[in-house]
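**Student:**
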Ligand SMILES: [Zn+2]
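Residue numbers (our numbering): 353 to 586.
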């Protein structure tokens, strides 16, 4: 079971750094990912991790840069929203649909991976992690068809499969259910609130004023695995 510092990305005692994967992962998640990667490789797919464990500081950096307008903000269709036209409350609305509040990211747990198929990448292609890449005709469609059929065997599922009024769909974001289900239960609203309160993130007071709503809409409001607690098997 992850402790409160691990749950909010303020410790990395629960993850293993793997330089060959350019990622850090919780150990059971790592083991199952490697088994899944090997199975996919037999089908000509090269599953590569774009993002795995991310600590609080890294999440805050993403958040703060979006808050300052140094990184683009998108609507549900992937269209850019103009930073200058948004007030602070609207900024938070635009950010939380795509990027978790620091302390509230599932990537803190080491159980989450954003994946692509390296073998499908055209030369000079810049990965954007948008839903169209996973859809029919998209560059990673074959990977996602394979994941649909196979990832449950390895304990993985998509927590952001459908839009539920919180995060927009992220088909590339996979979660290792045997560990992440318990992590979600352990990340109580007050645990998230304490992490935000003790931070220097931009917009902190506005976020704290809305923390219950943000927790409900963006942390608790995810698709559940269809195989709760199931052990992964290669
Ligand atoms: Zn992700």
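The beta-carbon is built from N, C-alpha and C at its ideal position, and this holds for glycine as well.
#1: So, residue 468 versus residue 492, is the Cβ gap smaller than 8 Å?
#2: Please state the DSSP three-state secondary structure of residue 408.
#3: Quick one: grab the DSSP three-state call for residue 466.
#4: When you measure from the CB of residue 532 to every non-hydrogen atom of ligand 1, does any distance come out below 7 Å?
#5: When DSSP labels each residue in this structure, what does residue 400 get in the three-state scheme?
#6: Have a look at 544, 545, 540 and 480 and flag the residue whose alpha-carbon is nearest the alpha-carbon of residue 524.
#7: Can you check DSSP and say which residues form a bridge with residue 527?
#8: Alpha carbon to alpha carbon, how far is residue 501 from residue 472? Give it in angstroms, no decimals.
#9: Between which two residues does the beta strand (DSSP E) containing residue 559 stretch?
#10: So is residue 407 buried or exposed if we call it buried at 16+ other beta carbons inside 10 Å?
#11: Candidates 394, 446 and 404: which alpha carbon is nearest residue 419's?
**Tutor:** Taking the coordinates as given:
#1: One thing to note: residue 468 has its Cβ within 8 Å of the Cβ of residue 492.
#2: If DSSP states are grouped into helix, strand and coil, residue 408 belongs with the helices.
#3: Strand.
#4: False, no ligand heavy atom lies under 7 Å from that Cβ.
#5: In this structure, residue 400 counts as strand in the three-state DSSP scheme.
#6: By alpha-carbon distance to residue 524, the top candidate from 544, 545, 540 and 480 is 480.
#7: Residue 527 pairs with 464 and 509.
#8: Rounded to the nearest angstrom, the two C-alpha atoms are 18 Å apart.
#9: From DSSP, residue 559 is part of no beta strand (DSSP E) but of the alpha helix (DSSP H) over 556-561.
#10: Buried, by the Cβ-count rule.
#11: Comparing alpha-carbon positions, the option among 394, 446 and 404 lying closest to residue 419 turns out to be 446.
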